[in-house]
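Residue numbers (numbering that gives the first Met the number 0): 0 to 105. Here a beta-carbon is modelled for each residue, glycine too, at the ideal position from N, C-alpha and C. Take a look at the structure set out below.
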Amino acid sequence: MLFRGVKSLARTAEYGVSHGSVLGPLLFVLYMADLELIARRHSDEAHFYAEDSQMYIFSKPSDALTAEDRLLSCLDNMAAWMKSNRLSLNASKTQFMRCATSRRQV
Numbered sequence: 000m001l002f003r004g005v006k007s008l009a010r011t012a013e014y015g016v017s018h019g020s021v022l023g024p025l026l027f028v029l030y031m032a033d034l035e036l037i038a039r040r041h042s043d044e045a046h047f048y049a050e051d052s053q054m055y056i057f058s059k060p061s062d063a064l065t066a067e068d069r070l071l072s073c074l075d076n077m078a079a080w081m082k083s084n085r086l087s088l089n090a091s092k093t094q095f096m097r098c099a100t101s102r103r104q105v
């Protein structure tokens, strides 16, 4: 690559898929499928798209603390899986949100 007249050194990638590869999206889905299995083991729902992941569960207001514990346990298991696969969970971008109608609030 050339930047301001200076050519960067060539490096060989030891892992991964070339940027823009046709296989990239398919390999990502296969790779991330394990995270969906972890969510299912905790009876949580999950959606994954590119680098964005969402987990959610439905519960009664009386079960809110149990539901929160279930989500946090699932998140811990996902973080452990990611670490064992040379990935990291960005805690600064991780958010928890509780949604309910005014009639369903605790």
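Within the DSSP secondary-structure output, H46 pairs in a beta bridge with Q53. Within the same chain, I37 come within 6 angstroms of N76 by CB-CB distance, once the 5 residues on both sides are set aside. If you check the CB distance, L88 and M81 come in under 7 angstroms. Under a 10 Å Cβ-count criterion, L22 is classified as exposed, with fewer than 16 other Cβ atoms of the shown protein chains found around its own Cβ. Separation of the CB atoms of L29 and A45 is rounded to 16 angstroms, and the pair is thereby denied contact status at 8 angstroms. Non-local beta-carbon contacts of F57 in its own chain, meaning distances under 7 angstroms to residues more than five positions away in sequence, are absent. Residue environment: H18 is assigned as exposed (fewer than 16 neighbouring CB atoms within 10 Å of its CB, all protein chains considered).
Only residues of its own chain outside the window of five on either side were considered, and among them none has a CB closer than 7 angstroms to the CB of R10.
Taking a contact as a CB-CB distance under 8 angstroms, the pair M54 and D43 counts as one, their CB atoms being some 5 angstroms apart.
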